[in-house]
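Below is one structure; the comments refer to it alone.
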Amino acid sequence: MTNYEDLKRKAKDALDTLADVSVEAFKLAEEKARVIAKKAKLKAGITNERATIRRLKVEIGGIYYRLHKDAPEESLKEQCEEVTAALDRIAAKQRELEELRNCSTCDAEDDEAEDADVESAENEAEAAEDEKAEAPAEDDKKD
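No gaps in the numbering here: position 115 of the sequence shown is 124 in our numbering, and each next residue is one more.
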């Protein structure tokens, strides 16, 4: 019977050791998961704050342009002139488009289709410009 008792004791010791290792592994995995979740939450927060900064920079630029387009600071003069020139080109193209709309030989359905194409192109151009304006500066890329 000693053999049976010895075997029983060894099995119990092995199960106790296995249980202890399992508990430690679970605690370690739990802590690791908590840290990973916290890192993900912090990184998401940083990403949100950077997006807020980019949006505000674009808004600040728009406000600055409206306030100082006629007399910008020297460091921003070229950019303000480029914005003004682009706005002038848009206005000229819109006038030309309006003239074509008023053309008596034009079909109304063609105008609607062209308007949709123009609006789509404008939206794409604005999205591309927003992406370009929102590209983070070198100091924004630091974590």
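The beta-carbon is built from N, C-alpha and C at its ideal position, and this holds for glycine as well.
Determine contact between the region 87-96 and the region 61-78, defined as no fewer than three beta-carbon pairs at a distance below 8 Å.
The region 87-96 is in contact with the region 61-78.
Comparing C-alpha positions only, which one of 94, 98, 70, 27 sits nearest to residue 85?
Checked all of 94, 98, 70, 27; the closest Cα to residue 85 is 70.
I need the straight-line Cα distance from residue 33 to residue 68, nearest angstrom please.
Spanning the two alpha carbons is a distance of roughly 53 Å.
Got a sec? Which residues, its chain only, sit under 6 Å from residue 72 by beta carbon, not counting five neighbours each side?
Cβ within range, chain order: n/a, list empty.
Can you give the Cα-Cα distance for residue 147 and residue 133, rounded to whole angstroms?
Annotation note: pLDDT 42 at residue 147 (below 50); position unreliable, no value reported.
By DSSP, does residue 83 sit in helix, in strand, or in coil?
Reduced to three states, the DSSP call for residue 83 is helix.
Taking the alpha-carbon positions, what's the residue 94 to residue 128 distance?
Going by the C-alpha atoms only, they are around 20 Å apart.
Just the C-alpha distance for residue 48 and residue 61, rounded to the nearest angstrom, thanks.
Each residue's alpha carbon lies about 20 Å from the other.
By how many angstroms is the C-alpha of residue 125 removed from the C-alpha of residue 131?
Rounded to whole angstroms, residue 131 to residue 125 spans 10 Å at the Cα level.
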